[in-house]
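No gaps in the numbering here: position 51 of the sequence shown is 51 in the numbering used here, and each next residue is one more.
For each residue, glycine too, the CB sits at the ideal point set by N, CA and C.
Since we're looking at a predicted model, the values are computed, not measured.
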Amino acid sequence: GAILHTSPYHRNIINLTQYICEPITNLSSDCTIFGIVWSVYLEEFVATIGCGTPDTSNSFYFSTSTDLVRWTNMQALYDRGDMDEEVKKKVTSFNYPTLWDPLSPSLY
């Protein structure tokens, strides 16, 4: 069964281990989730991921979840190689991938 999150400021918690979340096991330790959004189209959460290894630092990835606990394996979202050559020459860093919907009424 699920264990609800609780505030240690409002309760005297005897056994903290029951409140420790499981780590995301299919996310490389060199990668970080930079944004999480709900996709109306997919009806899932979508996480945008950036990684810091030489093999992965030129790409952004995404993963999806229906419950914010279990995530799909990372898939390529955008790669530095997808850039126009003239643009690529001017790019000095490649960070913080985030998705947003310009038509969403919550933006305004």
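Would you call residue 71 buried or exposed, if buried means 16 or more other Cβ atoms sit within 10 Å of its Cβ?
If you number the sequence shown from 1, residue 71 lands on position 71. Buried, because 16 or more other Cβ atoms sit within 10 Å of the Cβ of residue 71.
Which residue wins for smallest C-alpha separation from residue 61, given the options 31, 100, 24 and 15?
For the purposes of this step, residue 61 is identified with residue 61 of the sequence shown, where counting begins at 1. Closest option to residue 61, Cα to Cα, is 31.
Residue range of the alpha helix (DSSP H) that includes residue 85:
The count along the sequence shown starts at 1 and reaches residue 85 at position 85. Taken as a continuous stretch (DSSP letters only), the alpha helix (DSSP H) holding residue 85 covers 85 to 90.
State the beta-bridge partners of residue 38 as determined by DSSP.
Counting from one through the sequence shown, the residue named residue 38 turns up at place 38. Answer is 45.
In whole angstroms, what is the alpha-carbon distance linking residue 89 and residue 80?
For this step, residue 89 is matched to residue 89 along the sequence shown. For this step, residue 80 is matched to residue 80 along the sequence shown. Each residue's alpha carbon lies about 11 Å from the other.
Would a C-beta distance cut-off of 8 Å place residue 45 and residue 64 closer than the cut-off?
Walking along the sequence shown from the start, residue 45 turns up at place 45. Walking along the sequence shown from the start, residue 64 turns up at place 64. Yes, they are a contact pair.
So the candidates are 83, 24 and 15; which of them puts its Cα closest to the Cα of residue 93?
The residue you call residue 93 lines up with position 93 of the sequence shown. Per the Cα distances, 83.
Following the continuous beta strand (DSSP E) through residue 60, name the residue where it begins and the one where it ends.
Here the question's residue 60 lines up with position 60 in the sequence shown. Unbroken beta strand (DSSP E) run through residue 60: 59 to 65.
For residue 30, does the three-state DSSP call read helix, strand or coil?
Within the sequence shown, the letter at position 30 stands for residue 30. Residue 30 falls in the coil class under three-state DSSP.
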